[in-house]
Amino acid sequence: VLESWTKGFATGHDTDDPVVGKDVVELLTAAIKRKSLPLECAAVVNDTVGTLLSCAYQKGRSAAACTIGVILGTGANCCYIEPDAAQFGYKGSIINVECGNFNKHLPTTPVDQA
């Protein structure tokens with residue numbers, strides 16, 4: 001379920017079809033069916049998780065394990081594989097840190113605004 005948009009996205013806010021508070025997989029699945037597209041939504045992941053998974057897929061078992069995914073762009077975020085995630089109640093092993101987008105309430109300097 002989408003809790004909030006970040007990075008200035010406002011899709012659905014001023015319409016009769018809001019997205020916040022809804023299951024984005026259900027919304028995407030419904031849109032795929034409306035268009036009669038021959039595909040299925042298996043997962044919705046953010047860019048850091050997608051980066052980690054694409055590296056693991058591309059490298060396969062012949063290379064060292066990919067254990068982190070990092071995005072440094074308009075924002076910053078990272079994720080990592082936590083082998084002991086189950087003992088902390090997580091259903092998967094990829095932990096998305098969501099370390100970006102904390103700047104809304106921090107003071108800015110002239111350098112930040114340049």
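Heads up, the sequence shown is in the UniProt record's numbering, so the first residue is 1 and it goes up one at a time. Glycine is no exception: its CB is placed at the ideal position from the N, C-alpha and C atoms.
Judged by pairs of C-beta atoms under 8 Å, the stretch 33-42 does not touch the stretch 55-64, as fewer than three such pairs exist.
Listed in chain order, the alpha helix (DSSP H) runs fully inside the UniProt domain "Hexokinase N-terminal" (2-57) are 24-34, counting runs of at least 4 residues. Boundaries of the alpha helix (DSSP H) harbouring V111: P110 to Q113, taken from the DSSP string.
For A76, the enclosing beta strand (DSSP E) starts and ends at A76 to I81. Cα atoms of Y80 and V24: separation of roughly 23 Å, rounded to the nearest angstrom. Per the C-alpha coordinates, the member of P107, D16, T108 and G100 positioned closest to T6 is G100.
Between the alpha carbons of T67 and G8 lies a distance of about 30 Å. Distances from the alpha-carbon of V97 to those of D47, T108, L27 and A43 put D47 closest. Distances from the alpha-carbon of L2 to those of T11, P18, D16 and K22 put K22 closest.
With contacts defined by Cβ atoms closer than 8 Å, A85 and I95 form a contacting pair. Contact annotation: L27 and V19 have beta-carbon atoms nearer than 8 Å.
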